[in-house]
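Colleague: Residue numbers (my numbering): -3 to 289.
A virtual CB, placed ideally from N, CA and C, is assigned to each residue, including glycine.
Structure below; questions to follow.
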Amino acid sequence: MNLRARLITLSTLVTLSTLGAMAAVAPAVAGPQDRKLSPSAAVPEPIVVDAAPARVTYSRQAKSQWQLTKFDPVGNSILATHRSSGITIAIDYDDPADDRHASGISPDTGCGPMEGEFWGSVTPLLYPILEPEKHVIERVRVEIDGAELHVRMSGGAYDMVSPGAGDETLFMNAVLTVEQGQLRARTRGLHYVLPSKDPGTTVDLTLADGSKLSRTFTMATPTGREYVDNVRAVRVADGRYGNFSWKTDIQRLQFDLNTNPLLNVFEIDADHALKDRGQRVVTNNFTFAADCR
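See below:
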């Protein structure tokens, strides 16, 4: 990947209660979009909350465990909070041009958002952009239903990543829950995971044949790439984000690290599962430690 840095002033977040000030766009279902919504309001049928740069729909069922606490129509981002634990999920759905913040999902389990510097822009832990020069998010669906926060981000085509792969839309789907104080995320599609390398992170892999592999990454680790096939479990001890792990069915995982000081994260990539193995959908089940330290 090669994201070009574009520095501009951060946009000011506005609360969801200002949603009514947005210009009206066609709703997903009949009903006014210009009504004011409290963070815990029930919105049983999807409504459109943004139309550009992506079409964003939102719904929330009554008595759900998550609530939408902030919406920024200028910076194109949403913040959802788990009501009892205080765990937050930040969702950004545009490129870094407006606020130096890339698209994706940034969990915060208590030690700050899991996101880092990547070629001059802040990039979330779960990053769905596979070709930064041309891949953009076109549609976002946010659904809050009971214990689950559903986020689907889609845009671009498989051909963009792997010529000949077809015009089916690329996507990252995430279902987030909090169970016994731990954040869990089930993802499907193709996306990157960007752990921190400052001060340092150790990644332990378990492969389908039972063999194991361990790598440690710091700001001093030399630039390089490594490919590992048929990974089934990933365990991360992140010096900044804390411990998290996931089970996966990925057929080819790529480590991609650049020693440039403009990056304090490294890549665990899924795009070569498609490019080299033809795997169109990777399934991951993440568990984040209750104590991020």
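Thinking C-alpha only, which one of HIS78, THR198, GLY162 and ALA266 is nearest PHE240?
Modeller: Shortest Cα-Cα distance from PHE240 to any of HIS78, THR198, GLY162 and ALA266 involves THR198.
Colleague: Exposed or buried, ARG273, counting other C-beta atoms within 10 Å across all chains shown (16 or more means buried)?
Modeller: exposed
Colleague: If you check the beta carbons only, do LEU179 and ILE264 fall under 7 angstroms apart?
Modeller: Cβ distance not < 7 angstroms, so LEU179 and ILE264 don't count as in contact.
Colleague: So LEU209 packs on LEU201, CB below 8 angstroms; how close in whole Å?
Modeller: 5 angstroms
Colleague: Classify ARG79 as helix, strand or coil using the three-state DSSP reduction.
Modeller: coil
Colleague: State buried or exposed for LYS193, treating a residue as buried only when at least 16 other CB atoms are found within 10 Å of its CB.
Modeller: buried
Colleague: Over the uninterrupted beta strand (DSSP E) stretch that includes ALA229, give me the two end residues.
Modeller: 227 to 234
Colleague: Relative to the C-alpha of THR173, which residue among ASN254, SER55, GLN250 and THR105 is closest?
Modeller: THR105
Colleague: Using a Cβ-Cβ cut-off of 6 angstroms (strictly less than) and excluding sequence neighbours within five positions of VAL171, which residues of its own chain qualify?
Modeller: GLU144, HIS146 and ARG182
Colleague: Comparing alpha-carbon positions, which option in ASP46, ALA266 and SER55 lies nearest MET168?
Modeller: ALA266
Colleague: How long is the line joining the alpha carbons of VAL227 and ALA153, rounded to whole angstroms?
Modeller: 25 angstroms
Colleague: Compute the Euclidean distance between the alpha carbons of CYS288 and GLY196, then round it to the nearest angstrom.
Modeller: 15 angstroms
Colleague: On the criterion of 16 or more Cβ atoms from any shown chain inside 10 Å, does GLU111 qualify as buried, or is it exposed?
Modeller: buried
Colleague: With DSSP as the reference, label ARG276 as helix, strand or coil.
Modeller: coil
Colleague: Determine whether the beta carbon atoms of SER99 and ILE125 lie at a separation below 7 angstroms.
Modeller: Contact flag set, yes.
Colleague: Comparing C-alpha positions only, which one of ASN254, ASP46 and PRO159 sits nearest to GLU134?
Modeller: ASP46
Colleague: Which same chain residues, not among the five before or five after PRO40, have their C-beta less than 7 angstroms away from its C-beta?
Modeller: SER55 and GLN57
Colleague: If you run the structure through DSSP and keep just helix, strand and coil, what is LEU179?
Modeller: strand
Colleague: Helix, strand or coil for LYS271 per DSSP?
Modeller: helix
Colleague: Quick check: the Cα distance between PRO28 and PHE262, rounded to an integer number of angstroms?
Modeller: Residue placement at PRO28 cannot be trusted, given a pLDDT of 33 that sits under 50; what the coordinates show is reported in the next sentence. Cα to Cα, PRO28 sits roughly 44 angstroms from PHE262.
Colleague: What first and last residue would you give for the alpha helix (DSSP H) that runs through ASP155?
Modeller: 154 to 157
Colleague: What are the residues that DSSP puts in a beta bridge with MET168?
Modeller: MET149 and GLY185
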